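Start counting at 1 in the sequence shown, then tack on 485, and there's your number in this note's numbering.
For every residue, glycine included, the Cβ atom is placed at its ideal position computed from N, Cα and C.
These numbers were taken from a predicted model, which means no experiment stands behind them.
Structure record follows, encoded as structure tokens.
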Amino acid sequence: MPDILTLLTEQAVAVFRERTQVREENTNIFGNFFHSDHVLQGAQQVSLLPQARYVAIPNLANQILLDSEFSIIAPHEGELDPMVMHPAGGSRGPASGLITSLFTAALLQMYYLRLPNTENVFVRAVLEGFEELRRAIRGERVRAYSITGIARFSLPDGAQVVTP
């Protein structure tokens with residue numbers, strides 16, 4: 486059986502290629518729900534991964550959770566789901582959700598940071614997220630992004646903004 490990183494890389498490539506083919510379907514999925522917030526609407530559209538279309542992701546998550554490195558967050562009878570803590574609080578969720586969220590988080594990171602929408606960038610972001618998850622499981626410090634606002638505008642070529 487291939488190692489976890491190989492499986493994760495293969496799945497990331499498959500997700501990116503599949504998303505490229507069906508992007509048009511997701512364009513109006515939220516209708517006018519976010520009509521006043523085009524940035525949020527764009528983020529929702531680019532990060533949407535319908536579970537029915539990506540059935541291999543939960544299978545991959547289950548394979549990863551069988552690895553001894555991930556046993557601490559794997560589901561155990563009578564135990565609560567893992568909790569993700571941050572300075573403002575925390576939330577519990579199934580361990581498989583931590584694995585599946587690697588794909589959505591990579592898409593959101595690409596969108597918010599305006600990274601190139603390429604297969605290489607996506608796969609790298611998924612693998613970097615996986616390494617962050619590994620560090621978190623070991624109790625090490627992890628990197629996080631706090632997005633406080635998005636203007637989503639572009640300056641004309643040659644223009645610049647000067648701030649104090």
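DSSP beta-bridge partners of residue i
i    : result
R577 : M568
Euclidean distance between Cα positions of residue i and residue j
i    : j    : result
M568 : S576 : 5 Å
N547 : Y597 : 29 Å
A580 : Y539 : 17 Å
A629 : A644 : 31 Å
L587 : F501 : 13 Å
M570 : S631 : 14 Å
G614 : T633 : 21 Å
8 Å Cβ cutoff met for residue i and residue j
i    : j    : result
L583 : I558 : yes
L545 : L490 : no
I622 : E554 : yes
E604 : V498 : yes
G578 : D566 : yes
R620 : V627 : yes
Rounded distance between the beta-carbons of residue j and residue i, thought under 8 Å
i    : j    : result
T494 : V608 : 6 Å
Q496 : I542 : 6 Å
V646 : L640 : 7 Å
| said: Using a Cβ distance threshold of 8 Å, determine whether the stretch 521-534 contacts the stretch 589-596, with at least three qualifying pairs required. | reply: yes
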